[in-house]
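Just below is one structure, and these are the notes that go with it.
Residue numbers (the numbering used here), protein chains in the order written: chain A, 1 to 343; chain B, 1 to 304.
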């Protein structure tokens, strides 16, 4: 087990252009499940590939277990990686797929069977060992890829969107399995995803990336409750945080904190909303309201309510947000600032 | 009972068949006339006593085959054909796999290199072969000139590339390989590009070095395409005589005579159509077996 660290890690693909990854400084904790979260093109996969040694950094350093590994090939870094496509070897049986890293690293042959059996049991794929990858379902392939990754007992796990090829139903159960799996093996894991639900559910900490820059590092609670800037505020959470300009600051509040006025006594912000759309999502309702009045007029904000069955489109309602739920961002830099009273 | 709609559908289908047949006919006719007819004639000739000058012919059964099997030149040609094919295919497969691997990696000027590499294939084969004939000429050989100036061979006793049996065989094999290399490289390159980038990367992360990745991942995954390249290569080599004919005309002393050139010499130059046909037909069952076997292997090694 080891700690991964990056120092001013930068990757520029085309000279003169904006880097894919820009001066990233990160340190994992021992045995941590760290998630890189960002939209596509945010540089999260490039960052992961530089840690794996598949991409050469333009500048900066990668450290694994305290040693600079920039000059080391992937095989010398003792990492294991699960690819988005799983990258199983199509011509080899599941057994041979899992045993491949052992063969490649010259583990004595008599240990192969034991180790493959151990990995297969951990992931519940003992019955699939004789099959070829194309005879497996998506979920089974994912488990084979994981088994192939753990069989050599790596110091670090790198997972590149391993759930994105699964259908929605399978994804939830695979997520749960991955979490349990991480708890059992306890290996430092870096997980790349663009899915905020995965990031929130699985990460010990989440690294939010945008345009190759780390916007925030924090626990799921931190990044959700105290977003570092407006990008994090709107990227996390669905529907995203409501943002309203007020002088030189931007005021933000989560849709679940925009509630009917009677449930927010002494609200810091009181809003008159003309309901423009009401959506029923089963466990909750989403209400889109256009603000009326002098402040924030014509802005549309979103409220997330346990029950909005009494609200109809076109009607005017009183809503409010209590003070402790307000977040403030600097208008210029978009970075979160100290709370202040609204003028 | 059929409804009007059904009948119209059936009629439409009929018209579809007709149109299909009409579109297909030129190709079928082309194959029939250019390949089918000569093939049938060769088949007929092989069992007859026809010569270039004869007016009629009578059928003689397997006499032609019996007689060519006894001919030492035929046996030598068969042996040469096999050596020629196996040696050039081995060279081509190894060479084109190496080239394809190199050309699959991005580098400056890759497009130009790819284009230059294709030249031996697009240039008329006889032209290329004539170029080689000059380069290997006993008096004017540039190759010998270079070797002499490098003091690698004696000035007054340079190798006679096309004049000594072993060297002549080596020369035709090398020139033929040079000629087939681009074709094979392009096929293998196509196979290589079809391998998802993730897979060699996964092998790299798994700890495999260059050779293990090559022999345990890349080549097995390319096997179907390698088979296709090999199948074409074998057929192009076994049935082709251009390089041999231009460079050595089968000589010296039949040391580079292959079955196609022997068939040509016997059937056309010497006028014994019947024997020439028998020689060329001799290859057909052999090649059919090779093709069948290769296609079976290609179909069985399912990838992805």
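Glycine included, C-beta positions come from ideal geometry on N, C-alpha and C.
Keep in mind it's a predicted model, so treat the numbers as computed, not measured.
Taking C-beta pairs closer than 7 Å, name the residues in chain B that residue 105 (chain A) reaches, listed in chain order.
-> 207
Between residue 106 (chain B) and chain A, is there a C-beta pair that is closer than 8 Å?
-> no
Rounded to a whole number of angstroms, what is the C-alpha to C-alpha distance between residue 251 (chain A) and residue 233 (chain A)?
-> 11 Å
Residue 97 (chain A) in three-state terms, based on DSSP = helix
Exposed or buried, residue 294 (chain A), counting other C-beta atoms within 10 Å across all chains shown (16 or more means buried)?
-> exposed
Below-8 Å beta-carbon distance, residue 221 (chain B) vs any chain A residue = yes
Does DSSP classify residue 1 (chain B) as helix, strand or coil?
-> Interpretation of residue 1 (chain B) is limited by its pLDDT of 46, a score under 50 that renders its predicted location unreliable; the figure taken from the coordinates is listed afterwards. If DSSP states are grouped into helix, strand and coil, residue 1 (chain B) belongs with coil.
Give me the Cα-Cα distance between residue 228 (chain A) and residue 207 (chain B), rounded to the nearest whole angstrom.
-> 39 Å
Examine chain A for any beta-carbon lying closer than 8 Å to the beta-carbon of residue 198 (chain B), and answer yes or no.
-> yes
Segment limits, alpha helix (DSSP H) that includes residue 134 (chain B) | 125 to 135
Inter-residue spacing [alpha-carbon to alpha-carbon] between residue 141 (chain B) and residue 265 (chain B) | 27 Å
Quick one: measure Cβ to Cβ for residue 289 (chain A) and residue 194 (chain A), integer angstroms, because I've assumed they're closer than 8 Å.
-> Contact doesn't hold; Cβ gap of about 29 Å is too wide.
Determine the burial state of residue 122 (chain B): buried for a count of at least 16 other Cβ atoms within 10 Å of its Cβ, exposed for fewer.
-> exposed
Do residue 274 (chain B) and residue 51 (chain B) have their C-beta atoms closer together than 8 Å?
-> yes
Under a three-way DSSP split, which group does residue 327 (chain A) fall into?
-> strand
For the putative contact between residue 169 (chain B) and residue 255 (chain B), defined by C-beta atoms under 8 Å, what is the C-beta separation to the nearest angstrom?
-> 6 Å
Along the region 168 to 198 of chain B, what residues have a CB closer than 8 Å to any CB found in chain A?
-> 196 and 198
Tell me, please, whether the CB atom of residue 212 (chain B) is closer than 8 Å to any CB atom in chain A?
-> yes
Counted within 10 angstroms of its Cβ, other Cβ atoms place residue 50 (chain A) as buried (16 or more) or exposed | buried
Closest residue to residue 299 (chain A) among A:36, A:326, A:309 and A:271 (Cα-Cα distance) | A:271
Which whole runs of the alpha helix (DSSP H) in the region 59 to 120 of chain A are 4 residues long or more, in chain order?
-> 94 to 104
Hey, quick one: how far does the alpha helix (DSSP H) through residue 17 (chain A) stretch, first residue to last?
-> No alpha helix (DSSP H) contains residue 17 (chain A), which DSSP labels as neither H nor E.
Cβ neighbours of residue 201 (chain A) in the same chain (closer than 7 Å, five flanking residues each side left out) | 175
Contact test: residue 290 (chain A) Cβ vs the ligand ZN heavy atom, cutoff 7 Å | Absence of the ligand ZN from the depicted structure is noted, as is the absence of any ligand whatsoever, leaving it without description.
Pairing CB atoms from the region 304 to 312 of chain A with CB atoms from the region 276 to 285 of chain A, are three or more of them under 8 Å?
-> yes
Determine, using beta carbons only, whether residue 202 (chain B) comes closer than 8 Å to chain A.
-> yes
Min CB distance residue 297 (chain B) to chain A below 8 Å = no
Of the residues B:48, B:62 and B:112, the one placed nearest residue 56 (chain B), counting alpha carbons only | B:48
Is it a yes or a no for the region 203 to 223 of chain B touching the region 123 to 139 of chain B, going by three-plus beta-carbon pairs under 8 Å?
-> no
Please state whether DSSP places residue 104 (chain B) in a helix, a strand or coil.
-> helix
So the beta strand (DSSP E) residue 272 (chain A) belongs to, where does it begin and stop?
-> 269 to 280
Does DSSP put residue 258 (chain B) in a helix, in a strand, or in coil?
-> coil
Distance CB(residue 224 (chain A))-CB(residue 33 (chain A)) smaller than 8 Å = no
Among A:18, A:138, A:7 and A:248, the one whose alpha carbon lies nearest that of residue 210 (chain A) = A:18
Residues near residue 8 (chain A) by beta carbon distance below 8 Å, same chain, minus five either side | 23, 24, 25, 59, 60 and 61
To the nearest angstrom, how far is it from the Cα of residue 271 (chain B) to the Cα of residue 200 (chain B)?
-> 57 Å
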